[in-house]
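Chemist: In my numbering, the protein residues as written are 59 to 390. Structure below; questions to follow.
This is the structure we're talking about:
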C-alpha cells in the first residue's frame, strides 16, 4: 500500500508511532476498508513531521503497491482510456473520491473532489491531485506538462513545492480542484498497452468486486461464530489479528467492536478462547512439537505460549503432556 510505503521511505512520522499492520494492506487483490484509510490519514495528519506530506505521497508512485486496479489501468490503450477505466472502478477502491473528465476538444480537465462528510484532511487532496500527474508520467514513460492546476483550499506556506508536479500556473482558493492537460496527450498510446492482459485483469477485478459485495452482506450479520472460524483459519498463517480480519471482511474495527458487543464479547476474548481450546487439541497430537503448536496458535515466541497456557489451565505445557502420557499409557 503506497501510503505505508511512502511513510516508511521518507520518515514522515516517528518510528514510535504505531501504524496499522502492513499484512492487511499488501494483497494487491483486496479492497481496504475506507474507515481504515480515513483513520490512517488522520493519524498521519496528527503525527507528520513534514507539512507537505500529501504532495510527497503523490509524487512517488510505487509500482509494487498499485494493486489490481493499477495493474489493469497500465494495460489500457491510451491515457484517456486508462483514466476512464480508473474512474469506472474507483468506487470499489474509495467511494468517497470522485474524478470527472471534461473534454472540450482542445483540453482535458480532470476535476477531483472528496466527500466532505468523511473528514479527509487537505493532504489527501494534495496527494490525489499530485498522484494523478505522477501516475500519468509513469504510464507515458516521459514528462507530462500541466497547463494549469487549481485547488479549492487556501494557499499553504509550502506552496512553492506545488510547482514540481503542477508547473507555474497554480490557483488556490478556487471553486474546484482541477488539472488541465492538452487533449493530444490523452490520445497517445501507452507503451504498456496489452489488450489481452487488460481483458484478463478486468475480468479478475470484476470477480473480486462481486466477492467484495458478498463480504459486505456478510459484514452486516457478523456473529462471534464467524470471527471464531476466521481466527481458526488465519492463526496458522500468523494473520489472526483484528486489523487483518476487519480488512478481510471489509469492515472497520468500530463496526466489529459494536457487532461483538451485542453478544457480550470482543475480539481479544475470542482470540484467547480459540487459542485455549485449540492448544489442547494440538498438544494431544504427539507428533506436534511445542514449537509447532506455538506457531499454529500464532505466537511469535514460544515463551508467550508457555505463559498463556499456564494462565488458561493453571499448569505448564510440560506438566500437561506428562499427564497425557500417563493417561495414554496402556495398563499392564
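We treat Cβ as the ideally placed atom computed from N, Cα and C, and that holds for glycine.
1. Tell me which same chain residues have a C-beta within less than 7 Å of the C-beta of residue 355, skipping the five on either side of it?
2. Please name the residue, chosen from 163, 126 and 170, that lies closest to residue 151 on a Cα-to-Cα basis.
3. Distance, Cα to Cα, residue 100 vs residue 310?
4. Near residue 211, what residues of its chain come up, given a Cβ to Cβ distance below 6 Å and the 5 sequence neighbours on each side ignored?
5. In angstroms, rounded to a whole number, what distance separates the CA positions of residue 165 and residue 244?
6. Can you name, in chain order, every residue of its own chain whose Cβ lies under 6 Å from the Cβ of residue 207, other than the five neighbours on each side?
7. Counting C-beta neighbours from all protein chains within 10 Å, is the total for residue 283 16 or more, i.e. buried, or is it exposed?
8. Tell me the DSSP bridge mates of residue 235?
9. Residues in its own chain within less than 8 Å of residue 144 by CB, not counting five upstream and five downstream?
10. By a C-beta neighbour count over all protein chains shown, 10 Å radius and 16 as the cutoff for buried, is residue 254 buried or exposed?
11. List the endpoints of the continuous alpha helix (DSSP H) containing residue 208.
12. Within 8 Å, do at least three Cβ pairs link the segment 65 to 80 to the segment 104 to 118?
13. Need the endpoints of the alpha helix (DSSP H) that residue 155 sits in, please.
14. Identify whether residue 212 lies in helix, strand or coil by the three-state DSSP scheme.
15. As a quick exercise: from 129, 116 and 90, pick the residue whose alpha carbon is nearest that of residue 262.
16. Taking residue 270 as the reference, which of 204, 182, 90 and 209 has the closest Cα?
17. Given this structure, state the Cα-to-Cα distance separating residue 94 from residue 369, to the nearest angstrom.
18. DSSP on residue 70, reduced to helix/strand/coil?
19. Going by alpha carbons, who is nearest to residue 296 out of 260, 304, 346 and 353?
20. What runs of the alpha helix (DSSP H), each 4 residues or longer, lie entirely inside the segment 330 to 380?
21. Ends of the alpha helix (DSSP H) at residue 313?
22. Might you give, ordered along the chain, the residues of its own chain that have their beta carbon closer than 8 Å to the beta carbon of residue 349, omitting 5 neighbours on each side?
23. Taking just the CA atoms, how far does residue 209 sit from residue 232?
24. Taking the CB atoms as reference points, tell me whether residue 192 and residue 116 lie closer together than 8 Å.
25. Please state whether the Cβ-Cβ distance between residue 328 and residue 286 is less than 8 Å.
26. Starting from residue 304, trace the alpha helix (DSSP H) in both directions and tell me its first and last residue.
27. The alpha helix (DSSP H) that contains residue 289, what's its start and end?
28. Can residue 183 and residue 168 be called in contact, C-beta distance under 8 Å?
29. Taking the alpha-carbon positions, what's the residue 154 to residue 379 distance?
30. Which residues in the same chain have their Cβ closer than 6 Å to the Cβ of residue 239, if we skip the five residues on either side of it in sequence?
31. Are the CB atoms of residue 249 and residue 133 nearer to each other than 8 Å?
32. CB residue 307 to CB residue 267, shorter than 8 Å?
33. Whole angstroms is fine: what's the gap from residue 345's alpha carbon to residue 365's?
34. Would you tell me roughly how many angstroms separate the C-alpha atoms of residue 61 and residue 119, rounded to the nearest one?
Modeler: Let me spell this out:
1. 293, 333, 336, 337 and 363
2. 126
3. 15 Å
4. Excluding residues up to 5 positions away in sequence, 180 lie with their Cβ nearer than 6 Å to the Cβ of residue 211 in the same chain.
5. 9 Å
6. 224, 228 and 237
7. exposed
8. 170
9. 127, 131 and 157
10. exposed
11. Taken as a continuous stretch (DSSP letters only), residue 208 belongs to no alpha helix (DSSP H), being part of the beta strand (DSSP E) at 206 to 208.
12. yes
13. From DSSP, residue 155 is part of no alpha helix (DSSP H) but of the beta strand (DSSP E) over 155 to 161.
14. coil
15. 129
16. 90
17. 33 Å
18. coil
19. 353
20. 348 to 354 and 360 to 371, all fully within the segment 330 to 380.
21. 311 to 319
22. 360
23. 5 Å
24. Yes, Cβ-Cβ distance for residue 192 and residue 116 is below 8 Å.
25. yes
26. Residues 300 to 307.
27. The continuous alpha helix (DSSP H) containing residue 289 extends over residues 282 to 292.
28. no
29. 55 Å
30. Taken in chain order, the residues that qualify are 166.
31. no
32. no
33. Rounded to the nearest whole angstrom, the C-alpha separation of residue 345 and residue 365 is 22 Å.
34. 10 Å
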